[in-house]
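Visitor: Protein chains in written order, with this note's numbering: chain V, -17 to 316; chain W, 30 to 303; chain P, 29 to 318.
#1: Let me check understanding here. Comparing Cα to Cα, which of 266(W), 260(W), 279(W), 242(W) lies closest to residue 174(W)?
#2: Could you tell me whether the Cβ of residue 73(W) comes closer than 8 Å to any Cβ of chain P?
#3: Just curious, the beta strand (DSSP E) that residue 134(V) is in, first and last residue?
#4: Please look up how many angstroms separate the CB atoms of residue 238(W) and residue 177(W), rounded, as I've assumed it's under 8 Å.
#5: Return the chain-ordered list of same chain residues with a C-beta closer than 6 Å to the C-beta of residue 115(P), the five sequence neighbours on each side being excluded.
#6: Given that a residue counts as buried once 16 or more other Cβ atoms are within 10 Å of its Cβ, and exposed if not, what is residue 255(V)?
#7: Report yes if the CB atom of residue 270(W) is closer than 8 Å to the CB atom of residue 69(W), and no otherwise.
#8: Closest Cβ-Cβ distance between residue 275(P) and chain V: below 8 Å?
#9: Looking only at C-alpha atoms, which of 157(P), 71(P), 117(P) sits nearest to residue 223(P)?
#10: Let me make sure I understand the geometry here. Which of 234(V), 314(V), 219(V), 175(V) has the alpha-carbon closest to that of residue 66(V)?
#11: What does residue 46(V) pair with, by DSSP beta-bridge criteria?
#12: Suppose you measure from the CA of residue 84(V) to the CA of residue 24(V); what does that come to, to the nearest Å?
#13: Between residue 251(W) and chain V, is there a C-beta pair that is closer than 8 Å?
#14: Note down, in chain order, every chain V residue with its Cβ under 8 Å from the Cβ of residue 149(W).
#15: So what does DSSP say about residue 104(V), is it helix, strand or coil?
#16: Closer than 7 Å by beta-carbon distance: list the chain V residues that pair up with residue 259(P), in chain order.
#17: Cα-Cα, which of 112(P), 186(P), 172(P) is closest to residue 146(P)?
#18: Compare the beta carbon distance of residue 225(V) and residue 282(V) with 8 Å and say whether it is the shorter of the two.
#19: Please confirm whether residue 87(W) has its beta-carbon closer than 8 Å to some beta-carbon of chain P.
#20: Consult DSSP for residue 284(W) and reduce its assignment to one of helix, strand or coil.
#21: Can you tell me where the beta strand (DSSP E) with residue 318(V) in it begins and where it stops?
#22: Where does residue 45(V) land, buried or exposed, given buried means 16+ other C-beta within 10 angstroms?
#23: Starting from the beta carbon of residue 173(V), find every residue of chain W whose beta carbon is closer than 8 Å, and list them in chain order.
#24: Determine whether the Cβ of residue 203(P) lies closer than 8 Å to any Cβ atom of chain V.
#25: Of all the CB atoms in chain V, is at least one closer than 8 Å to the CB of residue 116(W)?
#26: Would you verify that the beta carbon of residue 43(W) is, or is not, closer than 8 Å to some beta carbon of chain A?
#27: Tell me whether residue 220(V) sits in a helix, a strand or coil according to DSSP, three-state version.
#28: Roughly how many whole angstroms lie between the Cα atoms of residue 245(P) and residue 49(P)?
#29: Report the option in 94(P), 121(P), 248(P) whose CA atom is closest to the CA atom of residue 47(W).
#30: With 16 other CB atoms within 10 Å as the buried threshold, where does residue 310(W) fall?
#31: DSSP state of residue 106(W), grouped into three classes?
#32: Please state the DSSP three-state secondary structure of residue 285(V).
#33: If you measure from the beta carbon of residue 244(V) to each beta carbon in chain W, is any gap under 8 Å?
#34: Do we get a CB-CB distance below 8 Å when we pair residue 5(V) with the residues of chain P?
#35: Which residues in the same chain as residue 275(V) place their Cβ atom closer than 7 Å to its Cβ, once the five residues preceding and following it in sequence are excluded?
#36: For residue 237(W) and chain P, any beta-carbon pair shorter than 8 Å?
Below you can see the structure in the form of structure tokens.
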């Protein structure tokens, strides 16, 4: 018995030591989505240096990555994030609706609070054996598509909407034809992973499918790592993905970190932050910096989510992705 | 079993500790689940648990878990038999590896099994040439669940076989019974409760498995979506009530299975004592 | 333990298939073990050492790996300790007294075995999370349970709760209470009876169950992943860290870190085998003495 008590006591002390550790250093938590890992890894180092130079203060930045929706949910359920940097505005709006962020968050920072943007491209195997050039080709018979599940992944919702936008133009707003097309595309999907990274792994590591619908930055990253086996096809039209960032008001007010958290996000708009974003294959929102990257980013016609076709995330979500909406009807016809 | 048992001390202390611990760790959190599910009301609850995609996922979950548990019941019993009765090269190693699925993080198991069974993997390639696809099909789910629940049957049956006295078998042989008859009349009845226990534990565990399956399943709606994935999907849509409703269905299924096992064990225990 | 395990090809036993039947069964067992146990292990190991020893070493000594390892160690120790105390109490309460509802209690203890890890995590979120009904009280006390180390520990305790109790209950149930009754009649108190009379009989079962409990606690992924919030260097356990590395496309690193868990579990399971042998020997010598 005394032995157990002793072990328990030691363990509890250890546990206290663990939590005490984090009480004294300046620490902020950035809850982000999957493909930003490498970017924030480097960005955090740059920001730590910047903050050290400016305030002579050391800052620890705790990173958390996962599917965008899941991460938003964790914040709502009590994961104390000082800043959230997610895949789509809808997820941040959900946090705002839960009362953690002020409703007008998107106007707080420039450019819709999106310091960098991205788009959806096709990653295909070398030589593009199935000759996939545009969204229409995805509906052809015998094309194996890999995409994450729009229900669980922010990136996948962009994929779906980009395809929808193309079809809307192609079929001249004929809803039946658009849905027919989308159904064909999703019938060609071989594996629906939970998140963007899962899909990349399925396509690259396990060699499944002919085309991966991917974030542009994710596709570039794969190319950088295994360039000789894949190539990127940028379709003539796609969607402008704006991954937004914001401060979580309730948390920063409670923890007294509003100043540093705000600074952390504004630094994203600085030249240095923008260049880092570009280096990690996000499109910098500052046009000057974007130019520095020359023709790395193919300019295509990019439709935004606020286009009348979708009319903002709230409507798009309701029309396409909620329980029983169009995406569900693709699979369950009854 | 006499009433004089009451003499033993410590009932208050141990029972008190047991109940408070169980309340804190199991009952109170479970209560929250019921609380959350109650919020959607009866109609909502019913609708949530009978959605066609959810129904399809029950079929996948129950079907695949059942097959995996069955595979383990058959091969697990053979393994337990071989490991206790025969001495051969590598026996110790196999015996030592049985609990590996408990210790390996389920995600690692899922990743490794997927790498093995895709059409370019060591096992998947020869099978693909025969026209059998494993990864990203229901077969893949069965493979993952078989791995995850492998220790249950082996470890339930092994101790029983070790304790089994050879006298009965010898008696049977002396009386001139055939070998098969001895197995089915003498050995099998002895190990049957253990096989069933292992089977049900494996089945119940398989129903809930998530970490390894999502890697290998392909997660195609209506085809390879498992029930725990549907719970996660519902959560992603912020539909807590619906998610907990499905969770409650799965929970009730597990509870019933576990309760039946325990009835079985109590029966077999009294049988042994008597 | 009547079955004295001697060496020999087959144990002395009347029921034996013929030689070919035996070989067939052995081959089946070996094949099954090769496919389902050895092959995944080999995948993990080959991928871990894909680029040789030094990247492997770098991956396992990296700061976040070490932090995750520390958290996993802490969680495992706490979970095993709590569940041992609980398991001993429960075993005593369940086997030494007769009352209604015992079957229900046993099932309740078993339940975590059968609950989906996802639900196991979810119930803690629904209880202690920001939307949970206990949350207001936690705020008053300035306590944070989920998305923090205590949540990770709680989830692990939940998942491994049945291990010790389940192992001890049958052992105690199988033993009569005569010795204990006698000790009580001679005036011994509860603690004396328990530690002097009962404990020696359940020692080996206890050690065995501790080991399994530890192995399972180290590897728990699903439930912990729901409550941890994936805060790097803070609430990431080793299994979560492995997933993160994998998602960062650091494949060989992720398998390298997996080998820490695999190696630990192999050590633990070997220890178990040794203990089993020891226990068997002790039992046998007891049989001879009596």
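Glycine is no exception: its CB is placed at the ideal position from the N, C-alpha and C atoms. As the structure is a computational prediction, the values presented were derived from the model and not from experiment.
Guide: Result, derived from the coordinates:
#1: The residue given as residue 174(W) occupies position 145 in the second chain. Of the listed residues, the one whose Cα sits closest to residue 174(W) is 242(W).
#2: In the second chain, residue 73(W) corresponds to position 44, counting from 1. By this cut-off, residue 73(W) is not an interface position.
#3: To locate residue 134(V), count along the first chain from 1; it is residue 152. From DSSP, residue 134(V) is part of no beta strand (DSSP E); its letter is neither H nor E.
#4: For this step, residue 238(W) is matched to residue 209 along the second chain. For this step, residue 177(W) is matched to residue 148 along the second chain. Yes, they are in contact, since the Cβ atoms of residue 238(W) and residue 177(W) sit about 5 Å apart, within 8 Å.
#5: As a working mapping, residue 115(P) is identified with position 87 in the third chain. 192, 193, 196.
#6: Position 273 of the first chain holds residue 255(V). Buried, because 16 or more other Cβ atoms sit within 10 Å of the Cβ of residue 255(V).
#7: Residue 270(W) sits at position 241 when you count from the first residue of the second chain. Residue 69(W) sits at position 40 when you count from the first residue of the second chain. Yes, Cβ-Cβ distance for residue 270(W) and residue 69(W) is below 8 Å.
#8: Position 247 of the third chain, counted from the start, is the residue given in the question as residue 275(P). So yes, residue 275(P) belongs to the interface.
#9: Against the third chain, residue 223(P) aligns to sequence position 195. The shortest C-alpha separation from residue 223(P) is found at 117(P).
#10: Position 84 of the first chain, counted from the start, is the residue given in the question as residue 66(V). That would be 234(V), whose Cα lies nearest to the Cα of residue 66(V).
#11: Position 64 of the first chain, counted from the start, is the residue given in the question as residue 46(V). Paired residue(s): 13(V).
#12: Locating residue 84(V) in the first chain gives position 102, counting from the first residue. Locating residue 24(V) in the first chain gives position 42, counting from the first residue. Computed Cα separation, rounded: 29 Å.
#13: Taking the second chain and counting its residues from 1, one reaches residue 251(W) at position 222. Answer yes: the Cβ-Cβ gap between residue 251(W) and chain V drops below 8 Å somewhere.
#14: As a working note, residue 149(W) is residue 120 in the second chain. Those are 188, 189, listed as they occur along chain V.
#15: By one-based count along the first chain, residue 104(V) stands at place 122. Strand, per DSSP.
#16: Counted from its first residue, the third chain places residue 259(P) at position 231. In chain order: 11, 44, 46.
#17: The residue you call residue 146(P) lines up with position 118 of the third chain. When only C-alpha atoms are compared, the closest one is 186(P).
#18: Here the question's residue 225(V) lines up with position 243 in the first chain. Here the question's residue 282(V) lines up with position 300 in the first chain. Going by C-beta atoms, residue 225(V) is not nearer than 8 Å to residue 282(V).
#19: Counting from 1 along the second chain, the entry for residue 87(W) is found at position 58. No - not a single Cβ of chain P is within 8 Å of the one on residue 87(W).
#20: Counting from one through the second chain, the residue named residue 284(W) turns up at place 255. Note: residue 284(W) maps to helix in three-state DSSP.
#21: There is no way to answer for residue 318(V), as the model of chain V reaches only from -17 to 316.
#22: By one-based count along the first chain, residue 45(V) stands at place 63. When all chains shown are included, residue 45(V) counts as buried.
#23: Residue numbering aside, residue 173(V) sits at position 191 when the first chain is read from its first letter. What residue 173(V) touches in chain W: 165, 247, 248, 249.
#24: By 1-based counting over the third chain, the position of residue 203(P) is 175. No - not a single Cβ of chain V is within 8 Å of the one on residue 203(P).
#25: Sequence index remark: in the second chain, residue 116(W) carries index 87 (1-based). Not one chain V Cβ lies under 8 Å of residue 116(W).
#26: Absent from the structure is chain A; the protein chains it does hold are V, W and P.
#27: If you number the first chain from 1, residue 220(V) lands on position 238. If DSSP states are grouped into helix, strand and coil, residue 220(V) belongs with the strands.
#28: To locate residue 245(P), count along the third chain from 1; it is residue 217. To locate residue 49(P), count along the third chain from 1; it is residue 21. Going from the Cα of residue 245(P) to the Cα of residue 49(P) covers about 40 Å.
#29: Start at 1 with the first residue of the second chain, and residue 47(W) comes out as number 18. The option with the nearest alpha carbon to residue 47(W) is 121(P).
#30: Given that chain W is displayed from residue 30 to residue 303, the structure contains no residue 310(W) and the question cannot be resolved.
#31: One-based indexing of the second chain puts residue 106(W) at position 77. The answer is helix: DSSP assigns residue 106(W) an H, G or I state.
#32: For the purposes of this step, residue 285(V) is identified with residue 303 of the first chain, where counting begins at 1. Of the three classes helix, strand and coil, the one that applies to residue 285(V) here is strand, per DSSP.
#33: As a working mapping, residue 244(V) is identified with position 262 in the first chain. No, its Cβ sits nowhere closer than 8 Å to a Cβ of chain W.
#34: Residue numbering aside, residue 5(V) sits at position 23 when the first chain is read from its first letter. Low local confidence applies: a pLDDT of 48 at residue 5(V) is under 50, so the model's placement there is unreliable, and no value is given.
#35: The residue given as residue 275(V) occupies position 293 in the first chain. Only 260 meet the Cβ criterion.
#36: In the second chain, residue 237(W) corresponds to position 208, counting from 1. Yes, residue 237(W) lies at the interface with chain P (some Cβ there is under 8 Å from its Cβ).
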